[in-house]
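In what follows, a single structure is set out as structure tokens and then discussed.
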Amino acid sequence: MSVEDVCSELERMHLNANYAKVVRDNDLNGLALVFGDVDQLKLLFPMTLGQWTAFRLRFWGFPSDRRQTGRQTASHPGTTSTPSTCLGPHRPASQPAS
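Position one of the sequence shown corresponds to residue 1 (full-length UniProt numbering), numbered consecutively onward.
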């Protein structure tokens with residue numbers, strides 16, 4: 001997703017036009033939004049909670065707390081969320097692959 005694609009999405013979401021300026025000034029393409037530091041993005045975009053939630057869902061597709069591994073989940077306190085992987089089961093370095 002290019003910088004202009006991001007700006008178009010922000011327009012479709014009816015968000016403040018200043019956010020598109022922030023995107024252009026900081027060269028924020030889709031990769032920058034997905035892999036950028038969430039706290040830095042929050043500083044760049046002074047959004048209301050509702051705006052931030054819509055923004056997060058549009059660009060990431062799920063709540064930001066699920067992007068970070070090892071954090072407790074609200075629905076299951078005491079458990080942590082981890083991303084699924086297609087690399088196979090974890091084996092200690094000393095255990096040979098079969």
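We put the beta carbon where it would ideally sit given N, CA and C, even for glycine. This structure is a prediction, so every number in the text was calculated from the model and none was measured.
Within its chain, find whatever has a CB closer than 7 Å to the CB of M1; leave out the 5 residues flanking it on each side and keep chain order.
-> N29 and G30
Mind checking which residues open and close the alpha helix (DSSP H) that includes G50?
-> L49 to W60
Tell me whether the beta-carbon of V23 lies closer than 9 Å to the beta-carbon of L43.
-> no
Are there 16 or more other CB atoms within 10 angstroms of the CB of V34, so buried, or fewer, so exposed?
-> exposed
Taking the CB atoms as reference points, tell me whether F55 and M13 lie closer together than 9 Å.
-> yes
Determine the DSSP secondary structure at N18, reduced to helix, strand or coil.
-> helix
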